[in-house]
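Numbered per my numbering, the sequence shown spans residues -14 to 309. Built from N, CA and C at the ideal position, the CB exists for glycine as well.
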Amino acid sequence: MKVMLLVMNEQRVILDRLYDIVQQNCDECIVYRLSKQQQMNLGPFLASVDYQTFDRVVIFSRVKRLVPQLRVLKCIPGLVFLEHDAYQNYMPASKYRGVYSRLYRRLPSCRALVSGAVVARKMLAEGIDTVFVSKGYDEQMLRNTGSERDIPIGFLGSLKSTEYAQRKALLESLAQRTGMLVTRTRSGSEYLETLNRIKIFVSADIGMNEFMIKNYEAMACGCVLLAWSQGEEDKLLGFEDMHNTVFYRSEDEAVEKIKLLQGDPELSQRIASNGQAFAESRYSFARVGQALATEIQREMRPWQPPSAFTRFWVKLRFGMKVPV
């Protein structure tokens, strides 16, 4: 099977290892790294690479860049979306609430690979061909180096997005109450070094009902993960409170759990070790990439060709050849 994988070239998270694993597990897979401008105008690029000769075209981009290109997307057989942000489809305060569902329903032959188990179940109930494949971490880049952990409590990441308003408020309050370090680092070696200095990594994915990549990265680097409970998602993904993770559901509970962990170093170390083994066994890119490749190549719903007008429009505007 011939696979085209279109990915973002400007992502802050380095996913090259994940793409490599997908390539290794497909018969033939070509990765194209697209600029923001190319992602916002897929027509000319697709016409230039004879997209119709591929059995699967996998797109990993921002939904806001894809929605205006519905006519072009309708002309792609074997269309698969790789999506790490579809949790926003069900967030009450998100500007993207319902956007993913509306797009996918208008492309009835497409498949959505989403990184939340509950999100996948909800989309399936809406009649969308949806598959859950979790996020993960780059096991070649991130690991427990055995360094001295001189940062008792920390969070590394961005607080700028409007979707992170609750996260920002909680982390800033916790920082005042506990002395927690809240900062950002560059990707790569600085991120690895800083994670390995943190004893307790605080994750605050409030209202997302999904675990972000940082949870897996922190666990793999040997931190105790203190994570906001995602409800049903916790158990579905194998997280166990006080075994491989420490969950909290309020700011006060987070403070209490931090005191408990700091007062019992043996318990803290045991949870950290279990968490590291858990991340390594289930959420490395080696495993996640293999699962993605399997779901990309699995049989899809019969393709529904676009209308004659849509075919004419994309051919006239972009020179795209559309299969019938």
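Along the chain, where does the alpha helix (DSSP H) containing residue i start, and where does it finish?
i    : result
M204 : 198 to 205
Y233 : Where Y233 is concerned, there is no enclosing alpha helix (DSSP H), although the beta strand (DSSP E) it sits in stretches over 231 to 233.
L141 : Taken as a continuous stretch (DSSP letters only), L141 belongs to no alpha helix (DSSP H), being part of the beta strand (DSSP E) at 136 to 141.
K49  : 48 to 51
L3   : 1 to 9
Nearest by alpha-carbon distance to residue i: which of the options is it?
i    : options                 : result
G142 : E(-5), L166, E218, S158 : L166
D1   : F45, F39, D40, M25      : F45
E317 : L3, G28, L(-10)         : Nothing in the structure corresponds to residue 317, since the chain is present only between -14 and 309.
D135 : P93, I185, W298         : I185
L27  : P53, Q9, T38, E238      : P53
A97  : V118, Q9, P77           : V118
A293 : A264, M25, K306, D35    : K306
S79  : A150, F224, Y17, R267   : A150
E265 : V42, N74, S174, A205    : A205
G192 : S100, R169, R234        : R234
L245 : Y36, S132, I138, Y81    : I138
C208 : E225, T130, R272        : T130
M285 : D190, S172, I113, Q261  : I113
G101 : T115, C95, Y89          : T115
E241 : L67, R162, V42          : R162
T279 : V43, D35, P62           : V43
L252 : M227, Q22, T170         : M227
R47  : Q(-4), T168, E133       : Q(-4)
S172 : P29, K153, R152, I198   : I198
K300 : Q37, Q22, V(-12)        : Q37
Y4   : A276, E225, E133        : A276
Assuming residue i and residue j are in contact, meaning their beta carbons sit under 8 Å apart, how far apart are those beta carbons, in whole angstroms?
i      : j    : result
V65    : I281 : 6 Å
G274   : V7   : 5 Å
M126   : L180 : Contact flag wrong, Cβ pair sits at about 11 Å.
S158   : E236 : 6 Å
N(-6)  : S20  : 6 Å
T230   : A257 : That belief does not hold up - the Cβ atoms of T230 and A257 are roughly 10 Å apart, past 8 Å.
V309   : P290 : 5 Å
L92    : L58  : 6 Å
R50    : M25  : 5 Å
Y85    : N194 : Wrong, their Cβ atoms sit about 14 Å apart, outside the cutoff.
M(-14) : D40  : 5 Å
G121   : R272 : 7 Å
V187   : F140 : 5 Å
D123   : F263 : In fact, because the Cβ distance is near 17 Å, the residues do not count as touching under 8 Å.
L156   : A189 : 5 Å
L303   : P29  : For clarity, residue 303 is Phe in the given sequence; the question names Leu instead. The Cβ separation is near 6 Å, so the contact holds.
G260   : L210 : 5 Å
Kindly indicate which three-state DSSP category residue i falls into: helix, strand or coil?
i    : result
M25  : helix
R96  : strand
K153 : helix
F39  : coil
Q18  : The displayed chain sequence assigns Arg, not Gln, to residue 18. Here R18 sits in strand by DSSP.
F66  : strand
I61  : coil
How far does the beta strand (DSSP E) with residue i in it extend, from its first residue to its last?
i     : result
V307  : Careful: V307 lies outside any beta strand (DSSP E) and carries neither H nor E.
L(-9) : -13 to -7
>> Which runs of the beta strand (DSSP E) at least 3 residues long sit entirely within the region 159 to 221? Give them in chain order.
In response: 166 to 168, 183 to 188, 209 to 213
>> Quick check on the DSSP output: what are the complete beta strand (DSSP E) runs of length 3 or more inside the region 218 to 305, in order along the chain?
In response: 231 to 233
>> Threshold first: 3 residues or longer. Then list the beta strand (DSSP E) segments lying entirely within the region 74 to 122, N to C.
In response: 96 to 99, 114 to 117
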